Amino acid sequence: MQHVGFGFDIHRLVPGRRLVLCGCTFDSPVGLLGHSDADAPLHALMDALLGAAALGDIGHLFPDTDPAWEGADSMDLLREVARRVAAAGWRVANVDVTILAEAPKIAPRSAEMRARMAEGLGLPADCVSLKATTMEKLGPIGAREAIAAQAVALLEKD
Ligand code: MG
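No gaps in the numbering here: position 19 of the sequence shown is 18 in my numbering, and each next residue is one more.
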């Protein structure tokens, strides 16, 4: 049996926050605003995994009203999502993440970011894809006011 899931997330860029994407910190004058570290691509990835397993979403699992998740490292949340997906009997076949951002340049850090996600999911790196695109300066992402991410995940079960 195979199930596919989709995830989307967007966070606002503000001064004075650390920019964390796929568990990697970028040298940037602005970072993503959120209750946790606001790692939008990891949030999209978690929602794709939870969606495929029909286990709800991260807003339900890790509510932003709960002080337990304040400043949370999204890599820890990803490991918890992976644990829950596995506990429901699913294996992750592959995941594919796209970051929508004008900056920073993702390509120089892509291998490191894929390795972080693969480690969090206990998968080989060739089962974890990462892509990035700009918004051609259109809209809030194009104006560098936000970074968004989309993800799909395929789960398998005997
Ligand atoms: Mg989020």
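No residue lacks a Cβ here, since even glycine has one placed at the ideal position from N, Cα and C.
Just so it is clear, the structure is predicted and the values come from calculations on it, not from any experiment.
**Message:** Tell me the DSSP secondary structure of Cys21 in three-state form.
**Reply:** coil
**Asked** To the nearest angstrom, how far is it from the Cα of Gly33 to the Cα of Arg90?
**Response** Spanning the two alpha carbons is a distance of roughly 30 Å.
**Request:** Could you please go through the chain and list the residues whose beta-carbon is closer than 5 Å to any non-hydrogen atom of the ligand MG?
**Result:** Counting only beta-carbon distances shorter than 5 Å to the non-hydrogen atoms of the ligand MG, the qualifying residues in chain order are Asp8 and His42.
**Message:** Tell me which residues share the same chain as Gly15 and place their Cβ nearer than 7 Å to its Cβ, disregarding the 5 neighbours each side in the sequence.
**Reply:** none
**Request:** Please list, in chain order, all residues of the same chain as Gly55 whose beta carbon is under 8 Å from its beta carbon, the five residues on each side excluded.
**Result:** Leu49
**Request:** Measuring alpha carbon to alpha carbon, tell me which of Met74, Leu153 and Val13 ends up nearest Ser27.
**Result:** Val13
**Message:** Taking a contact to mean a Cβ-Cβ separation below 9 Å, would you say Val19 touches Ala52 in this structure?
**Reply:** no
**Asked** Do Ala145 and Asp136 come within 9 Å of each other at the CB atom, strictly closer than that value?
**Response** Looking at the sequence itself, residue 136 is Lys, so the reference to Asp does not match. Against a cut-off of 9 Å, the Cβ pair of Ala145 and Lys136 comes out as no contact.
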